[in-house]
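Numbered continuously in my numbering, the sequence shown closes out at residue 406.
Each remark here refers to the structure printed beneath this line.
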Amino acid sequence: MQINKVAEGIYNVGVRDWNIRDFHGYSTYEGTTYNAFLIVDEKIILIDTVKKDFSDKLLDNIKKITDPKNIDMVISNHSEMDHSGAIPHIMHFIGEDKPVICSKAGKKNLEAHFGKDRLNLQIAESGSEMSTGSKTLSFLETKMLHWPDSMFTYAKEDKVLFSSDAFGQHYSGWASWDDQINEDEMMGHAKKYYANILLPFSGLVKKLIKDVEAMNLEIEKICPDHGVMFRKDPSKILNAYKEWCEQKPGKKAVIIYDSMWESTRKMAETIAEEIALRNIPVVSMNTRKWHRSDIITETMDAGAVILGSPTLNNNIFPALSDILTYMKGLKPKNKMGAAFGSYGWSGEAVGILNSYMTDLGFELIDDGIKVQYVPEEADLEKCRELGMKISDRLENI
Ligand code: FEO
Numbered sequence: 010m011q012i013n014k015v016a017e018g019i020y021n022v023g024v025r026d027w028n029i030r031d032f033h034g035y036s037t038y039e040g041t042t043y044n045a046f047l048i049v050d051e052k053i054i055l056i057d058t059v060k061k062d063f064s065d066k067l068l069d070n071i072k073k074i075t076d077p078k079n080i081d082m083v084i085s086n087h088s089e090m091d092h093s094g095a096i097p098h099i100m101h102f103i104g105e106d107k108p109v110i111c112s113k114a115g116k117k118n119l120e121a122h123f124g125k126d127r128l129n130l131q132i133a134e135s136g137s138e139m140s141t142g143s144k145t146l147s148f149l150e151t152k153m154l155h156w157p158d159s160m161f162t163y164a165k166e167d168k169v170l171f172s173s174d175a176f177g178q179h180y181s182g183w184a185s186w187d188d189q190i191n192e193d194e195m196m197g198h199a200k201k202y203y204a205n206i207l208l209p210f211s212g213l214v215k216k217l218i219k220d221v222e223a224m225n226l227e228i229e230k231i232c233p234d235h236g237v238m239f240r241k242d243p244s245k246i247l248n249a250y251k252e253w254c255e256q257k258p259g260k261k262a263v264i265i266y267d268s269m270w271e272s273t274r275k276m277a278e279t280i281a282e283e284i285a286l287r288n289i290p291v292v293s294m295n296t297r298k299w300h301r302s303d304i305i306t307e308t309m310d311a312g313a314v315i316l317g318s319p320t321l322n323n324n325i326f327p328a329l330s331d332i333l334t335y336m337k338g339l340k341p342k343n344k345m346g347a348a349f350g351s352y353g354w355s356g357e358a359v360g361i362l363n364s365y366m367t368d369l370g371f372e373l374i375d376d377g378i379k380v381q382y383v384p385e386e387a388d389l390e391k392c393r394e395l396g397m398k399i400s401d402r403l404e405n406i
């Protein structure tokens, strides 16, 4: 990665992972970055590291600024391995006894990952400050955003917030800053990141944003650990988080289905076409054609989630089970739902999908449509009626 100057004496020395396409089950069509930040002052400090595989590349980047042995300490804002994996290698190179600053939970997590006495771990209390010479760093615990150990580091004089995973995007293009990338593209990556990583913690996101506002921190730049950094308009991403954490149902339907012999597909497309005819945004997603992380991204701002599955061996299709298991963990809120599907002789799928939606807290707006074998015109008419019912409800949101 080209070394990016963040502010006077602050550099992004992280790395681009151009070719990663699966980040623990999250589709990363444009790779990702592991941003790490070097502060060069009277003390030289590295904030976060990178994935273990990129340890040497991180050292090479640091060498473009200073001899890595000059680093006085490492701050670990987050212990997940994409940011901490290189810590042992870096410490071995710069001096095993140098401090690694982290939150209380960070100490526990780093010990669990690397051994109890391997690192000189020192706890930074939330709200505490540290001088690097001409700069003041302060620490803010952001528990469960998205791990218990997560914290932010704020560079007071430079007005830079190092936000760990928060405000990140899995994107590795040439752009390093928000003013170098198409805004819609950037916000699309940020939305996908929120939907797949932060959605279940939306209540905590809401509280954190309130807390940060109450602290009156002046924020000129936000530097997350993934993707582009924000200098043109940090409020853009802050406002997006404010909106996303509310989980307000949008005037939009998402149809998530699988099909065996095209019958359930015909039903899905008939429902979708009826909703589209009413000028309401709708996305129809076959679970074997769309990645679960894209499906959950579309689901995040949809007011209606319509699930379709044929009955297979008295059950739903496995690909539906995959997305529903994923969805259960991500806890989307404020959805209305309905189910549909074809069957041969027993027809349990619709009832099972209804149970899933009840467990997810969705408001069931229909008993569901079951069609034996192949839908006839009368069955497709029922699908149109369901499409109309969904549209009516969404129009009144
Ligand atoms: Fe980018 Fe939670 O690690």
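Every residue, glycine too, gets a C-beta built ideally from N, C-alpha and C.
Please indicate yes or no: does the CB of residue i lie closer than 7 Å to some heavy atom of the ligand FEO?
i	result
His235	yes
Could you name the residues of the same chain whose beta carbon sits closer than 7 Å to that of residue i, not counting the 5 residues immediately before and after it, in chain order?
i	result
Ala442	The structure shown does not extend to residue 442, since the chain is modelled only from 10 to 406, so the question has no answer here.
Glu39	Tyr180, Ser181 and Gly182
Ile325	Ser318, Ala358, Ile361 and Leu362
Asp310	Gly259 and Lys261
I'd like the list of long-range same chain contacts for residue i, defined as Cβ closer than 6 Å, with 5 residues on each side in sequence excluded.
i	result
Pro233	Ser172, Phe176 and Gly177
Lys241	Asp187 and Asp188
Gly94	Lys60 and Lys61
Lys213	The sequence shown places Leu at residue 213, rather than the Lys named in the question. Here the set comprises Met153 and Leu154.
Leu321	none
Lys275	Pro384
Asn79	Ile53
Ala277	Ile264, Tyr266, Ser293 and Gly317
Gly18	Val49 and Asp50
Ser159	His87, Thr151 and Ser173
Lys165	Thr145
Phe239	Asp187, Ile231 and Ile246
Tyr365	Leu333
Leu55	Leu47, Ile80 and Val83
His98	Ser64
Pro243	Ile228 and Ile231
Based on the DSSP output, what are the partners of residue i in its beta bridges?
i	result
Met238	Trp186
Leu47	Tyr20 and Leu55
Gln381	Tyr352
Asp26	Thr41
Ser140	Thr145
Thr162	Phe148 and Phe171
Gln131	Ile110
Met294	Ile265
Ala281	None, per the DSSP bridge assignment.
Ile315	Ile264 and Ala347
Who are the Cβ neighbours of residue i in its own chain at under 8 Å, not counting the five residues just before and after it?
i	result
Ala285	Val291
Asn323	Ser355 and Glu357
Gly338	Pro209
Ser272	Pro319, Ser351, Val380, Tyr382, Val383 and Pro384
Glu372	Lys344, Met345 and Gly346
Ile96	Thr58, Val83, Ser85, Val109, Leu119, Phe123 and Leu128
Segment contact, 8 Å Cβ cut-off, at least three pairs: the segment 111–126 with the segment 38–49: Between the segment 111–126 and the segment 38–49 there are fewer than three C-beta pairs closer than 8 Å, too few to call the two in contact.
Under 5 Å, CB to nearest heavy atom of the ligand FEO: contacting residues: Glu89, Asp91 and Asp174
Touch test, the segment 173–181 against the segment 201–213, Cβ-Cβ under 8 Å, three pairs minimum: yes
Three-pair Cβ contact test at 8 Å for the segment 264–280 versus the segment 204–216: Contact between the segment 264–280 and the segment 204–216 is absent, because fewer than three Cβ pairs lie under 8 Å.
At least 3 beta-carbon pairs within less than 8 Å: the segment 127–138 vs the segment 103–111: yes
Meets three-Cβ-pair contact criterion under 8 Å: the segment 342–361 and the segment 305–315: In this structure the segment 342–361 touches the segment 305–315; the number of beta carbon pairs closer than 8 Å is three or more.
Inter-stretch contact at 8 Å, needing at least 3 Cβ pairs: the segment 211–227 / the segment 59–78: no
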